[in-house]
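Residue numbers (full-length UniProt numbering): 1 to 472.
This is the structure we're talking about:
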């Protein structure tokens, strides 16, 4: 039977890709509908393919077999807080706190804290980490904590440090610590593929950071909260898994975005659900998962994006019954094919077994030249081959554009290109800033109104009016 599967995959690959527009790792999921027993995974000998049979309500396992949450037991919080007050202290930046949030909830499972040097080097050079049992998990973005010379000297041989915010308020303890050199140039070159000036995350979090990195086991004293009116949307991987189970999901497909949702996005998501139903799943659930950590200045802020996403659900563009809207707390690197692996890996830990990937995921324009920094197709190609992501099914975007014959968004038909209009993000922003309406069917009216309100608030701030308000 194993040989039979290999023959099907080799002989019918082209047919299946044309029919379902899926990458090779997704094809095992399609074939599994017809198989009644488990088949060994040819990519990872000795393991079992996660999609060899559809089990209603059974979610994909987290990396390493279990979620690694790093919270102090509630009964021990006061004790740990007192302990932290007597330890050397490291003051965290806003982005550091976002990484504490990510680690504490298990998004980076099986990591148990900020990376020690061996984990850091494996991440930089292999985009993966080998566990004690010999298995490999994907890890493409360093999750590290930088300190300067004075902080290093202050630690002075201590095996633990307190991580503090707002003066001396401790939020976590880092124990069994290891301090090692922060080679910024190597880190930047390996993560972004360039050391050109003007990389947003580099300018914000690396250039002026300390020359040392400190790793260790993390214990977070209490869950990170932002008190910005959006904490109820920040569901942890464990909470998301509970929600998917409550909804009896037998497949979870994740869609990450850092921009407003237009009807082209919605078409991609609804079409994905249709395809999954055709593949035999009974209740696929969409995880609409906007990135909620650091983003560059010209991105639409999170609270405006969330208001826009809510309008998309209210207007019925996406079905609230089969959609979970939640915030992914990670900072954004804009590191293209390297970073998109992190985005995909984190969604495995949240229970997603399908990941929608589009053109130039996590990409940006070159900071010095008039071109994209990364090849637009490399993200989806890398995801289909990445070590440690074999269990995740990759669903590439179809190209959506505005179809003038239908007055709405549709999949681009190359046989009649004259009928389609591609509305770029720049064009969309220009229309919203000038309070012009986009073509009917491009975005739901409620969602477009939110965008116009956002850009109007920027104009008021620039003209000396009130500062940008937080939407109600």
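All residues carry an ideal CB built from backbone N, CA and C; glycine is no exception. Note that the structure is predicted; figures quoted are calculated from it, not measured.
Option nearest residue i by Cα separation, candidates the options
i	options	result
residue 161	81, 211, 228	81
residue 306	328, 406, 319, 283	328
residue 262	65, 432, 79	432
residue 395	410, 424, 378, 355	355
residue 552	218, 382, 309, 207	The first residue shown for the chain is 1 and the last is 472, placing residue 552 beyond what the model contains.
residue 64	442, 107, 383	107
residue 249	273, 258, 400, 421	273
residue 237	258, 209, 420, 102	102
residue 68	302, 350, 271	350
residue 450	201, 260, 116	260
residue 111	72, 62, 264	62
residue 416	195, 265, 304, 404	404
residue 319	361, 331, 266, 303	266
residue 158	177, 146, 326, 147	177
residue 197	448, 302, 377, 369	369
residue 397	391, 377, 148	377
residue 360	348, 275, 381	381
residue 275	291, 251, 296, 295	251
residue 228	298, 79, 302, 182	302
residue 455	311, 298, 316	298
residue 194	300, 336, 332	336
residue 152	121, 88, 439	88
residue 120	173, 132, 182, 72	182
residue 459	430, 95, 438	430
residue 226	94, 125, 190, 173	94
residue 426	316, 300, 243	300
residue 534	135, 406, 173, 200	What the structure shows of the chain is the stretch from 1 to 472, and residue 534 is not part of that stretch, so it cannot be assessed.
residue 331	200, 439, 279	200
residue 190	125, 407, 239, 133	125
residue 243	155, 321, 154, 407	321
Cβ-based burial, residue i [other Cβ within 10 Å; buried from 16]
i	result
residue 418	exposed
residue 414	exposed
residue 185	exposed
residue 36	Confidence at residue 36 is low in this model, with a pLDDT of 27, below 50, so its placement is unreliable and the value that follows should be read with caution. Exposed is the call here.
residue 84	buried
residue 457	buried
residue 167	exposed
residue 482	For residue 482 there is no data in the structure shown, the boundaries of the chain being 1 and 472.
residue 422	exposed
residue 311	buried
residue 383	buried
residue 293	buried
Close beta carbons around residue i, own chain, < 8 Å, minus the five adjacent residues each side
i	result
residue 171	92, 97, 100, 163, 164, 165, 220, 221, 222, 224
residue 115	123, 142, 143, 144, 213, 215
residue 348	60, 62, 63, 389, 391, 392
residue 409	262, 263, 264, 266, 267, 400, 401, 402, 403, 441, 442
residue 131	64, 110, 137
residue 117	178, 180, 213, 215
residue 202	188, 192
Expected contact under 8 Å - CB spacing of residue i and residue j to nearest Å
i	j	result
residue 60	residue 353	4 Å
residue 338	residue 140	5 Å
residue 372	residue 366	7 Å
residue 206	residue 188	7 Å
residue 357	residue 379	6 Å
residue 363	residue 402	At roughly 22 Å, the Cβ-Cβ gap does not stay under 8 Å, so residue 363 and residue 402 are not in contact.
residue 233	residue 326	6 Å
residue 291	residue 323	In fact, because the Cβ distance is near 17 Å, the residues do not count as touching under 8 Å.
residue 149	residue 86	That pair is no contact at about 23 Å.
residue 489	residue 241	Lying before the first or after the last residue shown, residue 489 is absent from the chain, which here runs from 1 to 472.
residue 235	residue 70	About 17 Å separates the two Cβ atoms, so there is no contact after all.
residue 146	residue 209	4 Å
Neighbourhood of residue i by C-beta, 7 Å cutoff - its chain only, sequence neighbours within 5 removed
i	result
residue 19	Caution applies to residue 19, whose pLDDT of 38 falls short of 50 and renders its modelled position unreliable; the model cannot decide the point.
residue 138	127, 128, 341, 345, 386, 387, 388, 389
residue 314	446
residue 74	none
residue 435	452
residue 78	none
beta-carbon residue i near the ligand NAD non-hydrogen atom, thresh 7 Å
i	result
residue 190	By its list of ligands, the structure shown contains no ligand whatsoever, and the ligand NAD lies outside what it can speak to.
Close beta carbons around residue i, own chain, < 6 Å, minus the five adjacent residues each side
i	result
residue 343	256
residue 269	255, 286
residue 316	none
residue 438	431
For the region 364-409, which segments carrying the alpha helix (DSSP H) assignment without a break, of at least 4 residues, lie completely within its bounds, in sequence order?
Along the region 364-409, the alpha helix (DSSP H) occurs as fully enclosed runs of 4 or more residues at 378-383, listed in sequence order.
Which full runs of the beta strand (DSSP E) of 3+ residues lie inside the region 166-254, going along the chain?
169-181, 212-220
What ranges does the beta strand (DSSP E) occupy inside the region 101-178, keeping only unbroken runs of at least 3 residues that lie completely in it?
If we require 3 residues or more, the beta strand (DSSP E) runs fully inside the region 101-178 come out as 128-130, 136-138, 160-165.
May I have a chain-ordered list of the beta strand (DSSP E) segments no shorter than 3 residues that lie completely inside the region 267-296?
284-288
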